[in-house]
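J.:
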Amino acid sequence: MAERSTAAVDVADNSGDDPLTAKAGKAATDGVAEKEKMAEKTAEATENKAVERQSGEQPSLTTPELHSGHKLARRYRLEECVTRLDGFSSWRAVDEKLRRAVGVHLLPADHPRARSVLAAARSAALLGDPRFVQVLDAVEENDLVYVVHEWLPDSVELTALLAAGPLEPHDAYQLVSQVSQAMAAAHREGLSHLRLTPSAVLRSSTGQYRIRGLAVNAALRGITAERPQRTDTEAIGALLYAALTQRWPYENDAHGLSGLPKGVGLLPPDQVRAGVHRGLSEIAMRALANDGATASRQEPPCTTPDELARAVSTMPRVKPPEPEFAAPPEYQRTTYQQGTYGRPQPHPASTQPVVVPPPPLQSRTGRALKWTVSALLIAALGLGSWQIADRLLGPKETPKPPEATPTVVTDEKPAPPKPIPIKSARDFDPLGGGSEKPQAIPKAYDGDPSTYWYTDNYYSARFGNLKTGVGMVLDLGKAQKVSSVDLSFLGDTSVELRTAPADAESEPTMPNQYITRASKTGSNVTLKPIAPVTTRYVLIWLTELPANDGNFRGKLTEIKILG
Numbered sequence: 000m001a002e003r004s005t006a007a008v009d010v011a012d013n014s015g016d017d018p019l020t021a022k023a024g025k026a027a028t029d030g031v032a033e034k035e036k037m038a039e040k041t042a043e044a045t046e047n048k049a050v051e052r053q054s055g056e057q058p059s060l061t062t063p064e065l066h067s068g069h070k071l072a073r074r075y076r077l078e079e080c081v082t083r084l085d086g087f088s089s090w091r092a093v094d095e096k097l098r099r100a101v102g103v104h105l106l107p108a109d110h111p112r113a114r115s116v117l118a119a120a121r122s123a124a125l126l127g128d129p130r131f132v133q134v135l136d137a138v139e140e141n142d143l144v145y146v147v148h149e150w151l152p153d154s155v156e157l158t159a160l161l162a163a164g165p166l167e168p169h170d171a172y173q174l175v176s177q178v179s180q181a182m183a184a185a186h187r188e189g190l191s192h193l194r195l196t197p198s199a200v201l202r203s204s205t206g207q208y209r210i211r212g213l214a215v216n217a218a219l220r221g222i223t224a225e226r227p228q229r230t231d232t233e234a235i236g237a238l239l240y241a242a243l244t245q246r247w248p249y250e251n252d253a254h255g256l257s258g259l260p261k262g263v264g265l266l267p268p269d270q271v272r273a274g275v276h277r278g279l280s281e282i283a284m285r286a287l288a289n290d291g292a293t294a295s296r297q298e299p300p301c302t303t304p305d306e307l308a309r310a311v312s313t314m315p316r317v318k319p320p321e322p323e324f325a326a327p328p329e330y331q332r333t334t335y336q337q338g339t340y341g342r343p344q345p346h347p348a349s350t351q352p353v354v355v356p357p358p359p360l361q362s363r364t365g366r367a368l369k370w371t372v373s374a375l376l377i378a379a380l381g382l383g384s385w386q387i388a389d390r391l392l393g394p395k396e397t398p399k400p401p402e403a404t405p406t407v408v409t410d411e412k413p414a415p416p417k418p419i420p421i422k423s424a425r426d427f428d429p430l431g432g433g434s435e436k437p438q439a440i441p442k443a444y445d446g447d448p449s450t451y452w453y454t455d456n457y458y459s460a461r462f463g464n465l466k467t468g469v470g471m472v473l474d475l476g477k478a479q480k481v482s483s484v485d486l487s488f489l490g491d492t493s494v495e496l497r498t499a500p501a502d503a504e505s506e507p508t509m510p511n512q513y514i515t516r517a518s519k520t521g522s523n524v525t526l527k528p529i530a531p532v533t534t535r536y537v538l539i540w541l542t543e544l545p546a547n548d549g550n551f552r553g554k555l556t557e558i559k560i561l562g
């Protein structure tokens, strides 16, 4: 249940004030009767669609009738339908290629919002910010449009956290700080959320907050806003208000939280609940200052996520609570010497009589024994003194020098790293047109520095703002240990070394599926991971290009991989 609640898309309500309730439909089971029923529905839907198109009518919007076990692109196997609402459905699925759980949104290709959903998903995928749940794929195929995103089973929705009670001040501070900074970065790239509800915010097991549904959730519901920055800022303020008070800052109940009393207006959080951090209460009011509401203590309102992030950064940092001190248990004396460590000895019920021994050597026989022992001691001391004197006064022997042990001098040095041959390579442009001069790829590792692989020409060093990077994937044939990669360019080029997971059986298809190991800028660079990395697939990812005849183009002359 935890896995389902943390990774499902929040499609249960359309606004913070007027929620809609929708439950996931039960997925069809496999079986002969069910398959026949599905076939009849499919034939009927096809016939109806043809009649509608012939008559000029608009086709009806229905959620695609898919079942558990259905595969998309021969890769994504649907497991469980999480939500079915308003012509689209959301599923928990398995990426059989990379052997991991993913989430999938599905809607018909003729849905009026299909094009906007595809555009929003592809724009969100370009952001590549780890503070957002990543979009992994966005495809139109076989009359279906589907968006694949990360599935985070170890994270918990803010909705579930608030159901247990308000957050501690430090947790609320981290929430507003991390979410406002993430949304400020998204708006700088022209992306907004517009559906920033408690179910869209997840907290990982490490305490990091992540946002899901950037741009996509609003596109699925056809939500737009004249002032998207103001909308997202007020949503962050509502999240902070709920985190501090466990109340929704409007009159209507929403997201499992009770609203404010009717007719009292927007009360500051520290007036709703005792013990609320005053600085955070003020931040919440400044973010919610809109439509007649006023910020507390005459501070100016925050109208953008960037302004809100700056306001949070200027307030005193809220420290985490001190760990509770547990008093150690009382000291118990042990009887380890008696062989019963850690267990008290039982006390006898009655005291045993103590036998007092007689004084030693007080009889006549004892005195004789005492004189005999004394005489023996004197004789022993005399003999010992004579032997010592004889050794000291006798002739001295010249000691023989010890035989010299030959010393073996070793001159062992660690073996130098060995070059790793490149089995094959291909151009990598998933964020653009899908192809980047593939015919020139072999020239980048042919051993001839006069030949090179080159990119397309762009109007700026950052690819004309069309994408965040381009590169090539190197296949080493099998998983091998990589300690460094030497690259030679014509012109200073910014480049990153990324590697696929060691257990990846096939080449990842998106840049965020690789792990960034090192980055550098220059014409001759050596990219070294912190420690040698085992991988089969190496991604050379160019992020900034040098000037080239009025435009910008990357030129990679030689690659050398060392193990």
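Numbering (numbering that gives the first Met the number 0), first residue to last: 0 to 562. All residues carry an ideal CB built from backbone N, CA and C; glycine is no exception.
Tell whether a beta-carbon distance below 9 Å holds between Ile529 and Tyr444.
T.: Their beta carbons are not under 9 Å apart, which means Ile529 does not touch Tyr444 by this criterion.
J.: Taking 9 Å as the threshold (C-beta atoms), are Ile440 and Val484 in contact?
T.: No, these two residues do not count as a Cβ contact at 9 Å.
J.: In angstroms, rounded to a whole number, what distance separates the CA positions of Tyr453 and Thr515?
T.: Distance between the alpha carbons of Tyr453 and Thr515 is about 22 Å.
J.: Are the CB atoms of Arg209 and Val132 within a distance shorter than 9 Å?
T.: A contact, by the Cβ cut-off of 9 Å.
J.: Out of curiosity, what's the CA-to-CA distance linking Leu151 and Ala199?
T.: The alpha-carbon atoms of Leu151 and Ala199 are separated by roughly 12 Å.
J.: Go ahead and pull the three-state DSSP assignment for Val101.
T.: Of the three classes helix, strand and coil, the one that applies to Val101 here is strand, per DSSP.
J.: Hey, would you say Leu77 sits closer than 9 Å to Leu84, going by beta carbons?
T.: Against a cut-off of 9 Å, the Cβ pair of Leu84 and Leu77 comes out as no contact.
J.: Please state whether the Cβ-Cβ distance between Gly127 and Asn511 is less than 9 Å.
T.: Their beta carbons are under 9 Å apart, which means Gly127 touches Asn511 by this criterion.
J.: Three or more C-beta pairs closer than 8 Å, one from the segment 168-187 and one from the segment 82-97: is that the case here?
T.: Verdict: no, contact absent.
J.: Across the segment 167-177 and the segment 88-96, are there enough close Cβ pairs to call them in contact, namely three or more that are closer than 8 Å?
T.: These segments do not touch.
J.: Between the C-alpha atoms of Ala137 and Cys80, what's the straight-line distance to the nearest angstrom?
T.: Rounded to whole angstroms, Ala137 to Cys80 spans 19 Å at the Cα level.
J.: According to DSSP, what are the bridge partners of Asp94?
T.: In DSSP, Asp94 forms a bridge with Tyr75, Arg99.
J.: Below 9 Å between beta carbons: does that hold for Ala124 and Val116?
T.: Contact flag unset, no.
J.: Give me the DSSP bridge partner(s) of Met471.
T.: Paired residue(s): Asp426, Ile539.
J.: Report the option in Ser505, Ala310, Ser257, Val215 whose CA atom is closest to the CA atom of Gly236.
T.: When each option's Cα is compared against that of Gly236, the closest is Ala310.
J.: Could I get the ranges of all uninterrupted beta strand (DSSP E) runs contained in the segment 480-507, with 3 residues as the minimum, in chain order?
T.: Those beta strand (DSSP E) runs which fall completely within the segment 480-507 and span 3+ residues are 483-498.
J.: According to the Cβ coordinates, are Arg246 and Gly258 closer than 9 Å?
T.: It is a contact, given that the beta carbons lie within the stated cut-off.
J.: For Gly521, which beta-bridge partners are listed by DSSP?
T.: Note: Gly521 sits in a beta bridge opposite Thr492.
J.: Taking C-beta to C-beta, are Lys480 and Arg535 nearer than 9 Å?
T.: In this structure, Arg535 does not lie closer than 9 Å to Lys480 by Cβ.
J.: In the DSSP assignment, find the unbroken alpha helix (DSSP H) run with Ala116 in it and report its ends.
T.: According to the sequence as given, residue 116 is Val; it is not Ala. From DSSP, the alpha helix (DSSP H) with Val116 extends over 113-126.
J.: Is Asp455 closer than 9 Å to Glu506 when the C-beta atoms are compared?
T.: Cβ distance not < 9 Å, so Glu506 and Asp455 don't count as in contact.
J.: Based on DSSP bridge pairs, tell me the residues matched to Arg187.
T.: The partner list for Arg187 (beta bridge, DSSP) is empty, contrary to what the question assumes.
J.: Look at the alpha carbon of Ser14 and the alpha carbon of Asn251, and state the distance between them as a whole number of angstroms.
T.: For Ser14, the pLDDT reaches just 40, beneath the cut-off of 50, and the residue's location in the model is therefore unreliable, although a value from the coordinates is still provided. For Ser14 and Asn251, the distance between alpha carbons rounds to 11 Å.
J.: What number of angstroms, rounded off, separates the C-alpha of Leu489 from the C-alpha of Thr525?
T.: If I take the Cα positions, the gap works out to 15 Å.
J.: Excluding five sequence neighbours on each side, which residues of the same chain lie with their C-beta closer than 7 Å to the C-beta of Asn523?
T.: The answer, listed in chain order, is Ser487.
J.: Note down the Cα distance separating Gly274 from Val215, rounded to an integer number of angstroms.
T.: Computed Cα separation, rounded: 38 Å.
J.: Go through the segment 142-169 residue by residue and report every complete run of the alpha helix (DSSP H) that reaches 4 residues or more, in order.
T.: Whole alpha helix (DSSP H) segments, 4+ residues: 157-162.
J.: Hey, quick one: how far does the alpha helix (DSSP H) through Tyr208 stretch, first residue to last?
T.: No alpha helix (DSSP H) holds Tyr208; the beta strand (DSSP E) holding it covers 208-210.
J.: In whole angstroms, give me the CA-to-CA distance for Ala308 and Ala286.
T.: Computed Cα separation, rounded: 10 Å.
J.: Tell me the rounded alpha-carbon separation between Met314 and Leu195.
T.: Those two C-alpha atoms are separated by around 24 Å.
J.: Below 8 Å on the Cβ atoms is my guess for His104 versus Val146; work out the distance and round it to an integer in Å.
T.: Confirmed, Cβ separation roughly 4 Å.
J.: Are Leu544 and Tyr451 close, meaning C-beta to C-beta below 9 Å?
T.: No, these two residues do not count as a Cβ contact at 9 Å.
J.: Curious, which full-length beta strand (DSSP E) runs of at least 3 residues does the segment 256-283 contain?
T.: For the segment 256-283, not a single whole beta strand (DSSP E) run of length 3 or above is found.
J.: I'd like the span of the beta strand (DSSP E) that includes Val134, first residue to last.
T.: 134-140 is the span of the beta strand (DSSP E), which, as asked, contains Val134.
J.: Using the rule of at least 16 other Cβ atoms within 10 Å of the residue's Cβ for burial, across every protein chain shown, is Ala374 buried or exposed?
T.: Counting Cβ neighbours within 10 Å, Ala374 comes out exposed, since fewer than 16 surround it.
J.: In whole angstroms, what is the alpha-carbon distance linking Ala546 and Thr492?
T.: Computed Cα separation, rounded: 10 Å.
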